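Colleague:
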Amino acid sequence: MTQQKNILIIRLSAIGDVVFSSPLIKALRRSYPDANISWLVEPAAAPLLKNNPDIDELIIWPKAEWKQLWKQRKYLTLLRALGLLRKRLKAKNFDMAIDLQGLLKSGIWALWSGAPQRIGLGSKEGSARFMNRVISRQGDDPRIGSEYYHLALEMKLDVADFAMDIALSDEDVAYAAEFRHNGEYAVICPFTTRPQKHWLASRWPELAQQIMRQQGLPVIMLGGPGDVAAAAYIQNENSKIINLVGKSSLTQTAAIIKQSSLLVGVDTGLTHMGIAFNVPTLALFGSTCPYSDTTHENARVLYHKMECSPCRRNPSCDGDFTCMKKITIEEIMQNVSEVMP
1 MTQQKNILII RLSAIGDVVF SSPLIKALRR SYPDANISWL VEPAAAPLLK NNPDIDELII
61 WPKAEWKQLW KQRKYLTLLR ALGLLRKRLK AKNFDMAIDL QGLLKSGIWA LWSGAPQRIG
121 LGSKEGSARF MNRVISRQGD DPRIGSEYYH LALEMKLDVA DFAMDIALSD EDVAYAAEFR
181 HNGEYAVICP FTTRPQKHWL ASRWPELAQQ IMRQQGLPVI MLGGPGDVAA AAYIQNENSK
241 IINLVGKSSL TQTAAIIKQS SLLVGVDTGL THMGIAFNVP TLALFGSTCP YSDTTHENAR
301 VLYHKMECSP CRRNPSCDGD FTCMKKITIE EIMQNVSEVM P
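Going by the UniProt record's numbering, the sequence shown opens with residue 1, and the numbers climb by one from there.
1. According to DSSP, is Leu-58 helix, strand or coil?
2. In chain order, what residues of the same chain have a beta carbon less than 7 Å from the beta carbon of Leu-270, not counting five sequence neighbours either side?
3. Just curious, the beta strand (DSSP E) that Gln-117 is in, first and last residue?
4. Rounded to the nearest angstrom, how far is the Cβ of Ile-166 from that of Ser-260, given a contact under 8 Å?
5. Taking the alpha-carbon of Phe-191 as reference, which of Gln-101, Lys-71, Tyr-233 has the nearest alpha-carbon?
6. Do Asp-99 and Gly-122 have their CB atoms nearer than 7 Å?
7. Would you call the CB atoms of Leu-207 and Ile-329 closer than 7 Å?
8. Helix, strand or coil for Ala-186? Go by DSSP, reduced to three states.
9. With C-beta atoms as the reference, is Pro-195 less than 7 Å away from Asn-238?
10. Given Pro-47, which residues of its chain have a CB within under 6 Å of its CB, disregarding the five upstream and five downstream residues?
11. Answer with buried or exposed for Leu-8, where buried requires no fewer than 16 other C-beta atoms within 10 angstroms of its C-beta.
12. Go ahead and pull the three-state DSSP assignment for Tyr-303.
13. What does a CB cutoff of less than 7 Å around Trp-109 pick up in its chain, not counting 5 residues either side in sequence?
14. Hey, could you find the ends of the beta strand (DSSP E) Thr-253 is sitting in?
15. In angstroms, rounded to a whole number, what distance separates the CA positions of Leu-28 and Phe-277?
16. Let me check understanding here. Comparing Cα to Cα, which of Asn-52, Asn-335, Lys-92 lies closest to Trp-112?
17. Quick check on the DSSP output: what are the complete alpha helix (DSSP H) runs of length 4 or more inside the segment 92-137, in order along the chain?
18. As an exercise, report each continuous beta strand (DSSP E) stretch of at least 3 residues that is fully enclosed by the segment 195-225, in chain order.
19. Quick one, which of Ala-97, Met-324, Trp-61 has its alpha-carbon nearest Ala-35's?
20. Tell me which residues share the same chain as Glu-57 and place their Cβ nearer than 6 Å to its Cβ, disregarding the 5 neighbours each side in the sequence.
21. Alpha carbons only, please: which of Ile-327, Lys-26, Tyr-303, Asn-335 is nearest the one belonging to Asp-158?
22. Taking Glu-42 and Leu-82 to be in contact with their CB atoms under 8 Å, please state how far apart those CB atoms are, rounded to whole angstroms.
23. Look up Asp-293 in the DSSP assignment and give the residues it is bridged to.
24. Measuring alpha carbon to alpha carbon, tell me which of Asn-236, Asp-293, Ala-160, Leu-263 ends up nearest Val-219.
25. Does DSSP classify Phe-179 as helix, strand or coil?
26. From the DSSP output, which residues share a beta bridge with Trp-39?
27. Using alpha carbons as the reference points, say which of Arg-80, Tyr-303, Met-333, Leu-78 lies closest to Arg-213.
28. Roughly how many whole angstroms lie between the Cα atoms of Phe-20 and Tyr-148?
29. Assign Asn-236 to one of two classes, buried (16 or more other C-beta atoms within 10 Å of its C-beta) or exposed (fewer than that).
30. What's the C-alpha gap between Ala-44 and Pro-62?
31. With Gly-114 and Leu-89 assumed to form a contact (beta carbons below 8 Å), what rounded beta-carbon distance in angstroms separates them?
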(Lines of atoms letter the chains of each structure in order from A and count residues from 1; the text may use other names and numbers.)
(Lines give C-alpha, C1' and ligand atoms only; values in the text may rest on other atoms or scores of the structure.)
Protein backbone atom coordinates (compact mmCIF):
# COMPACT_ATOMS: atom_id res chain seq x y z
CA MET A 1 0.00 0.00 0.00
CA THR A 2 1.40 3.39 -1.04
CA GLN A 3 2.01 5.56 1.97
CA GLN A 4 0.10 8.84 2.04
CA LYS A 5 1.54 11.79 3.91
CA ASN A 6 -1.48 14.08 3.91
CA ILE A 7 -5.09 12.88 3.64
CA LEU A 8 -8.23 15.02 3.42
CA ILE A 9 -11.66 13.59 4.31
CA ILE A 10 -14.60 15.59 2.98
CA ARG A 11 -17.96 15.03 4.65
CA LEU A 12 -19.47 18.46 5.18
CA SER A 13 -22.70 17.40 6.89
CA ALA A 14 -25.01 16.15 8.41
CA ILE A 15 -24.67 14.92 11.98
CA GLY A 16 -25.94 11.40 11.28
CA ASP A 17 -23.74 10.99 8.23
CA VAL A 18 -20.67 12.11 10.14
CA VAL A 19 -21.49 9.48 12.78
CA PHE A 20 -21.94 6.81 10.09
CA SER A 21 -18.65 7.69 8.39
CA SER A 22 -16.60 7.94 11.60
CA PRO A 23 -15.20 4.36 11.38
CA LEU A 24 -13.12 5.48 8.41
CA ILE A 25 -10.97 7.64 10.65
CA LYS A 26 -9.48 4.71 12.54
CA ALA A 27 -9.31 2.60 9.37
CA LEU A 28 -7.23 5.30 7.69
CA ARG A 29 -5.04 5.75 10.77
CA ARG A 30 -4.32 2.03 10.97
CA SER A 31 -3.55 1.87 7.27
CA TYR A 32 -1.49 5.07 7.17
CA PRO A 33 -0.12 5.43 10.72
CA ASP A 34 2.22 8.32 9.90
CA ALA A 35 -0.18 10.34 7.76
CA ASN A 36 -1.58 13.74 8.64
CA ILE A 37 -5.38 13.33 8.49
CA SER A 38 -7.63 16.38 8.05
CA TRP A 39 -11.41 16.62 7.78
CA LEU A 40 -13.35 19.35 5.95
CA VAL A 41 -16.72 19.88 7.64
CA GLU A 42 -19.40 22.47 8.31
CA PRO A 43 -19.64 23.97 11.84
CA ALA A 44 -22.75 22.04 12.95
CA ALA A 45 -21.11 18.60 12.82
CA ALA A 46 -17.57 19.68 13.72
CA PRO A 47 -17.94 19.16 17.50
CA LEU A 48 -18.34 15.40 16.94
CA LEU A 49 -14.86 15.28 15.41
CA LYS A 50 -12.86 17.79 17.42
CA ASN A 51 -11.81 15.38 20.20
CA ASN A 52 -10.92 12.46 17.93
CA PRO A 53 -7.23 11.66 18.52
CA ASP A 54 -6.83 10.24 15.01
CA ILE A 55 -7.76 13.52 13.32
CA ASP A 56 -4.86 15.94 13.11
CA GLU A 57 -6.81 18.96 11.90
CA LEU A 58 -10.41 20.05 11.41
CA ILE A 59 -10.95 22.48 8.55
CA ILE A 60 -14.24 24.33 8.85
CA TRP A 61 -16.29 25.47 5.87
CA PRO A 62 -18.61 28.22 7.22
CA LYS A 63 -21.27 27.62 4.59
CA ALA A 64 -24.03 29.55 6.38
CA GLU A 65 -21.78 32.60 6.78
CA TRP A 66 -20.90 32.50 3.11
CA LYS A 67 -24.58 32.26 2.15
CA GLN A 68 -25.25 35.33 4.26
CA LEU A 69 -22.44 37.25 2.55
CA TRP A 70 -23.99 36.34 -0.81
CA LYS A 71 -27.44 37.52 0.29
CA GLN A 72 -25.91 40.78 1.53
CA ARG A 73 -24.12 41.17 -1.82
CA LYS A 74 -20.75 41.31 -0.11
CA TYR A 75 -19.19 39.55 -3.05
CA LEU A 76 -15.63 40.77 -2.52
CA THR A 77 -15.67 39.63 1.11
CA LEU A 78 -17.00 36.26 -0.02
CA LEU A 79 -14.32 35.92 -2.71
CA ARG A 80 -11.60 36.73 -0.17
CA ALA A 81 -12.95 34.09 2.24
CA LEU A 82 -13.11 31.56 -0.58
CA GLY A 83 -9.56 32.37 -1.63
CA LEU A 84 -8.24 32.04 1.90
CA LEU A 85 -9.82 28.61 2.40
CA ARG A 86 -8.53 27.38 -0.96
CA LYS A 87 -5.07 28.67 -0.07
CA ARG A 88 -5.22 26.87 3.28
CA LEU A 89 -6.14 23.60 1.58
CA LYS A 90 -3.41 23.95 -1.03
CA ALA A 91 -0.82 24.65 1.67
CA LYS A 92 -1.51 21.25 3.24
CA ASN A 93 -0.10 19.49 0.14
CA PHE A 94 -2.71 16.75 0.30
CA ASP A 95 -1.77 13.50 -1.41
CA MET A 96 -5.31 12.15 -1.30
CA ALA A 97 -8.80 13.61 -0.91
CA ILE A 98 -11.75 11.34 -0.12
CA ASP A 99 -15.15 12.84 -0.94
CA LEU A 100 -17.66 10.95 1.21
CA GLN A 101 -20.58 13.22 0.28
CA GLY A 102 -20.47 12.71 -3.47
CA LEU A 103 -22.15 16.03 -4.31
CA LEU A 104 -21.08 18.87 -6.58
CA LYS A 105 -20.08 21.10 -3.66
CA SER A 106 -17.94 18.43 -1.99
CA GLY A 107 -16.44 17.39 -5.32
CA ILE A 108 -15.34 20.95 -6.02
CA TRP A 109 -13.63 21.07 -2.64
CA ALA A 110 -11.83 17.83 -3.46
CA LEU A 111 -10.59 19.41 -6.69
CA TRP A 112 -9.61 22.64 -4.97
CA SER A 113 -7.67 20.72 -2.32
CA GLY A 114 -5.02 20.12 -4.95
CA ALA A 115 -4.74 16.44 -4.03
CA PRO A 116 -3.49 14.45 -7.03
CA GLN A 117 -5.50 11.40 -5.90
CA ARG A 118 -9.23 12.11 -5.48
CA ILE A 119 -11.66 9.34 -4.54
CA GLY A 120 -15.42 9.89 -4.62
CA LEU A 121 -18.08 7.80 -2.89
CA GLY A 122 -21.14 7.42 -5.11
CA SER A 123 -20.33 10.69 -6.86
CA LYS A 124 -23.31 12.45 -8.47
CA GLU A 125 -24.39 15.95 -9.57
CA GLY A 126 -21.46 15.88 -12.00
CA SER A 127 -18.86 15.59 -9.23
CA ALA A 128 -17.44 12.40 -10.77
CA ARG A 129 -15.58 14.56 -13.31
CA PHE A 130 -13.41 15.86 -10.47
CA MET A 131 -12.41 12.38 -9.28
CA ASN A 132 -9.70 9.95 -10.34
CA ARG A 133 -11.79 7.11 -8.96
CA VAL A 134 -15.44 6.70 -8.02
CA ILE A 135 -16.54 3.90 -5.67
CA SER A 136 -20.22 2.89 -5.57
CA ARG A 137 -22.31 2.99 -2.40
CA GLN A 138 -23.35 -0.69 -2.60
CA GLY A 139 -27.00 0.05 -1.77
CA ASP A 140 -28.10 -3.56 -1.16
CA ASP A 141 -26.03 -4.09 1.99
CA PRO A 142 -28.28 -3.91 5.12
CA ARG A 143 -25.38 -3.05 7.46
CA ILE A 144 -25.45 0.35 9.17
CA GLY A 145 -23.08 2.68 7.34
CA SER A 146 -22.52 0.00 4.70
CA GLU A 147 -21.34 2.45 2.04
CA TYR A 148 -18.39 3.49 4.19
CA TYR A 149 -17.47 -0.10 4.97
CA HIS A 150 -17.57 -0.89 1.24
CA LEU A 151 -15.39 2.15 0.52
CA ALA A 152 -12.84 1.00 3.10
CA LEU A 153 -12.74 -2.47 1.57
CA GLU A 154 -12.30 -1.07 -1.95
CA MET A 155 -9.46 1.14 -0.70
CA LYS A 156 -7.92 -1.90 1.02
CA LEU A 157 -7.95 -0.19 4.41
CA ASP A 158 -7.64 -2.01 7.73
CA VAL A 159 -11.30 -2.65 8.63
CA ALA A 160 -10.70 -4.51 11.90
CA ASP A 161 -13.22 -3.23 14.48
CA PHE A 162 -14.92 -0.99 11.90
CA ALA A 163 -17.16 0.71 14.46
CA MET A 164 -18.64 4.20 14.74
CA ASP A 165 -16.49 6.39 16.93
CA ILE A 166 -17.42 9.62 18.73
CA ALA A 167 -14.78 11.05 21.05
CA LEU A 168 -15.99 13.17 23.97
CA SER A 169 -14.17 15.59 26.24
CA ASP A 170 -13.89 15.08 30.00
CA GLU A 171 -16.10 18.15 30.44
CA ASP A 172 -18.88 16.63 28.34
CA VAL A 173 -18.70 13.36 30.25
CA ALA A 174 -18.83 15.21 33.58
CA TYR A 175 -21.87 17.20 32.40
CA ALA A 176 -23.77 14.02 31.55
CA ALA A 177 -22.73 12.34 34.79
CA GLU A 178 -24.80 14.89 36.71
CA PHE A 179 -27.94 13.22 35.38
CA ARG A 180 -26.88 9.81 36.70
CA HIS A 181 -26.55 10.88 40.32
CA ASN A 182 -30.04 9.62 41.03
CA GLY A 183 -29.68 6.46 38.96
CA GLU A 184 -30.06 5.40 35.36
CA TYR A 185 -32.23 7.09 32.73
CA ALA A 186 -33.70 6.62 29.24
CA VAL A 187 -33.62 9.14 26.40
CA ILE A 188 -36.07 9.86 23.60
CA CYS A 189 -35.08 11.61 20.36
CA PRO A 190 -38.35 12.56 18.63
CA PHE A 191 -37.07 15.20 16.20
CA THR A 192 -35.46 15.37 12.80
CA THR A 193 -35.40 17.66 9.79
CA ARG A 194 -38.26 16.19 7.74
CA PRO A 195 -41.88 15.69 8.90
CA GLN A 196 -42.19 12.35 7.09
CA LYS A 197 -39.48 10.95 9.38
CA HIS A 198 -41.37 11.93 12.55
CA TRP A 199 -43.34 9.52 14.70
CA LEU A 200 -46.69 10.85 15.94
CA ALA A 201 -46.09 13.64 18.45
CA SER A 202 -49.19 12.60 20.40
CA ARG A 203 -47.67 9.18 21.18
CA TRP A 204 -44.40 10.32 22.74
CA PRO A 205 -45.89 11.41 26.09
CA GLU A 206 -47.58 8.02 26.58
CA LEU A 207 -44.47 6.13 25.45
CA ALA A 208 -42.41 8.04 28.01
CA GLN A 209 -44.96 7.16 30.68
CA GLN A 210 -44.78 3.47 29.75
CA ILE A 211 -40.96 3.51 29.95
CA MET A 212 -41.12 5.13 33.38
CA ARG A 213 -43.71 2.64 34.61
CA GLN A 214 -42.33 -0.59 33.14
CA GLN A 215 -38.58 0.08 33.27
CA GLY A 216 -38.47 2.41 36.26
CA LEU A 217 -36.36 4.90 34.32
CA PRO A 218 -36.78 8.67 34.17
CA VAL A 219 -36.98 9.91 30.58
CA ILE A 220 -34.84 12.69 29.11
CA MET A 221 -35.95 14.30 25.84
CA LEU A 222 -33.16 15.48 23.51
CA GLY A 223 -33.08 17.68 20.42
CA GLY A 224 -31.67 20.87 18.96
CA PRO A 225 -32.63 24.55 19.21
CA GLY A 226 -35.03 24.22 16.29
CA ASP A 227 -37.04 21.59 18.16
CA VAL A 228 -37.94 23.66 21.22
CA ALA A 229 -41.56 24.36 20.27
CA ALA A 230 -42.31 20.74 19.36
CA ALA A 231 -40.66 19.59 22.59
CA ALA A 232 -42.83 21.95 24.63
CA TYR A 233 -45.96 20.24 23.29
CA ILE A 234 -44.68 16.80 24.31
CA GLN A 235 -43.65 17.96 27.77
CA ASN A 236 -46.98 19.73 28.29
CA GLU A 237 -48.65 16.35 27.79
CA ASN A 238 -46.28 14.63 30.24
CA SER A 239 -44.64 16.96 32.72
CA LYS A 240 -42.48 14.14 34.12
CA ILE A 241 -40.30 14.17 30.99
CA ILE A 242 -36.97 15.93 31.57
CA ASN A 243 -36.76 18.38 28.69
CA LEU A 244 -33.19 19.18 27.61
CA VAL A 245 -34.10 20.10 24.04
CA GLY A 246 -32.03 23.08 22.94
CA LYS A 247 -30.36 23.30 26.35
CA SER A 248 -27.27 21.14 25.77
CA SER A 249 -24.49 21.41 23.22
CA LEU A 250 -24.12 18.68 20.61
CA THR A 251 -21.28 16.98 22.47
CA GLN A 252 -23.05 17.31 25.83
CA THR A 253 -26.06 15.67 24.21
CA ALA A 254 -23.82 12.91 22.87
CA ALA A 255 -22.44 12.34 26.36
CA ILE A 256 -25.97 12.10 27.79
CA ILE A 257 -26.76 9.47 25.17
CA LYS A 258 -23.57 7.55 25.93
CA GLN A 259 -24.46 7.26 29.62
CA SER A 260 -28.12 6.37 29.06
CA SER A 261 -29.65 2.94 29.59
CA LEU A 262 -32.12 3.10 26.68
CA LEU A 263 -32.74 5.23 23.60
CA VAL A 264 -35.85 5.43 21.44
CA GLY A 265 -35.71 7.80 18.49
CA VAL A 266 -36.52 8.52 14.88
CA ASP A 267 -34.09 8.51 11.94
CA THR A 268 -31.79 11.23 13.22
CA GLY A 269 -28.15 11.64 14.13
CA LEU A 270 -28.85 11.40 17.86
CA THR A 271 -30.48 8.00 17.45
CA HIS A 272 -27.52 6.71 15.45
CA MET A 273 -25.27 7.84 18.31
CA GLY A 274 -27.09 5.42 20.60
CA ILE A 275 -25.96 2.55 18.39
CA ALA A 276 -22.45 4.00 18.17
CA PHE A 277 -22.23 4.03 21.98
CA ASN A 278 -23.67 0.51 22.32
CA VAL A 279 -26.75 1.79 24.14
CA PRO A 280 -29.91 -0.35 23.83
CA THR A 281 -31.55 1.50 20.95
CA LEU A 282 -34.81 1.37 19.01
CA ALA A 283 -34.76 3.33 15.75
CA LEU A 284 -38.17 4.21 14.28
CA PHE A 285 -38.05 4.37 10.48
CA GLY A 286 -40.68 5.20 7.88
CA SER A 287 -39.91 7.32 4.83
CA THR A 288 -36.25 6.38 4.67
CA CYS A 289 -34.80 3.03 3.72
CA PRO A 290 -33.39 1.71 6.97
CA TYR A 291 -30.41 -0.39 7.73
CA SER A 292 -31.60 -3.68 9.19
CA ASP A 293 -28.18 -4.79 10.45
CA THR A 294 -27.32 -2.47 13.31
CA THR A 295 -24.19 -4.57 14.10
CA HIS A 296 -25.39 -4.61 17.73
CA GLU A 297 -27.68 -7.20 19.34
CA ASN A 298 -29.17 -4.55 21.62
CA ALA A 299 -30.20 -2.22 18.78
CA ARG A 300 -33.19 -2.71 16.48
CA VAL A 301 -34.94 -0.96 13.62
CA LEU A 302 -38.76 -0.80 13.75
CA TYR A 303 -40.05 -0.40 10.20
CA HIS A 304 -43.27 -1.24 8.38
CA LYS A 305 -42.65 -1.35 4.66
CA MET A 306 -45.44 0.10 2.51
CA GLU A 307 -46.04 0.04 -1.24
CA CYS A 308 -44.67 3.59 -1.39
CA SER A 309 -41.61 2.83 0.75
CA PRO A 310 -39.13 4.36 0.86
CA CYS A 311 -40.45 7.75 -0.28
CA ARG A 312 -37.48 9.62 1.20
CA ARG A 313 -38.03 13.31 0.37
CA ASN A 314 -41.13 12.80 -1.78
CA PRO A 315 -44.02 11.44 0.33
CA SER A 316 -47.14 10.53 -1.63
CA CYS A 317 -49.51 10.00 1.32
CA ASP A 318 -50.70 13.63 1.68
CA GLY A 319 -49.18 13.89 5.13
CA ASP A 320 -50.79 10.75 6.54
CA PHE A 321 -47.42 9.01 7.09
CA THR A 322 -49.07 5.61 7.53
CA CYS A 323 -45.68 3.92 7.77
CA MET A 324 -44.96 5.77 11.01
CA LYS A 325 -48.49 5.36 12.37
CA LYS A 326 -48.11 1.60 12.11
CA ILE A 327 -45.36 1.69 14.75
CA THR A 328 -47.35 1.38 17.97
CA ILE A 329 -46.46 2.04 21.58
CA GLU A 330 -47.09 -1.64 22.30
CA GLU A 331 -44.62 -2.72 19.62
CA ILE A 332 -41.98 -0.37 20.96
CA MET A 333 -42.43 -1.51 24.55
CA GLN A 334 -42.23 -5.18 23.54
CA ASN A 335 -38.91 -4.47 21.86
CA VAL A 336 -37.74 -2.39 24.82
CA SER A 337 -38.15 -5.42 27.09
CA GLU A 338 -36.15 -7.53 24.63
CA VAL A 339 -33.16 -5.20 24.10
CA MET A 340 -32.77 -4.17 27.74
CA PRO A 341 -30.23 -6.26 29.68
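Think of the CB as a built atom: it goes at the ideal place given N, C-alpha and C, for glycine as much as any other residue. If you're wondering where the values come from, they're calculated on a predicted model, not measured in any experiment.
Modeller: The short version:
1. In the structure shown, Leu-58 sits in a strand (DSSP, three-state: E or B).
2. Only Cys-189, Leu-222, Thr-253, Ile-257 meet the Cβ criterion.
3. Run containing Gln-117: 117-121, per the beta strand (DSSP E) assignment.
4. Contact flag wrong, Cβ pair sits at about 14 Å.
5. Comparing Cα positions, the closest option is Tyr-233.
6. At the C-beta level, Asp-99 and Gly-122 stay beyond 7 Å of one another.
7. Annotated as proximal: Leu-207 and Ile-329, with beta-carbon spacing under 7 Å.
8. Here Ala-186 sits in strand by DSSP.
9. With respect to the 7 Å criterion, Pro-195 and Asn-238 are not classified as neighbours on the basis of their beta carbons.
10. Residues of the same chain with a CB within less than 6 Å of the CB of Pro-47, apart from the 5 flanking positions on each side, are Leu-250, Thr-251 in chain order.
11. Of the residues assessed, Leu-8 falls on the buried side of the cut-off, its CB having 16 or more other CB atoms within 10 angstroms.
12. Correct three-state label for Tyr-303: strand.
13. Cβ neighbours of Trp-109 beyond the five flanking positions: Ile-10, Leu-40.
14. Looking at the DSSP string, Thr-253 is not in any beta strand (DSSP E); the run it does join, the alpha helix (DSSP H), is 250-258.
15. The alpha-carbon atoms of Leu-28 and Phe-277 are separated by roughly 21 Å.
16. Of Asn-52, Asn-335, Lys-92, the smallest CA-CA separation from Trp-112 is found for Lys-92.
17. Fully enclosed alpha helix (DSSP H) runs of 4 or longer: 104-112.
18. Runs of the beta strand (DSSP E) inside the segment 195-225: 219-221.
19. Across the set Ala-97, Met-324, Trp-61, the C-alpha of Ala-97 shows the shortest separation from the C-alpha of Ala-35.
20. So the qualifying residues of the chain are Ser-38.
21. Ranking the options by Cα distance to Asp-158, first place goes to Lys-26.
22. Rounded, the Cβ-Cβ distance is 15 Å, inconsistent with contact.
23. In the DSSP assignment, Asp-293 forms a beta bridge with Arg-143.
24. Among Asn-236, Asp-293, Ala-160, Leu-263, the Cα nearest to that of Val-219 belongs to Leu-263.
25. Helix at Phe-179.
26. Its beta-bridge partners are Ile-9, Leu-58.
27. Ranking the options by Cα distance to Arg-213, first place goes to Met-333.
28. Phe-20 and Tyr-148 have their alpha carbons spaced roughly 8 Å apart.
29. It is exposed - the Cβ of Asn-236 has fewer than 16 other Cβ atoms within 10 Å.
30. If you take the alpha carbons of Ala-44 and Pro-62, they lie about 9 Å apart.
31. Contact flag correct, Cβ pair sits at about 7 Å.
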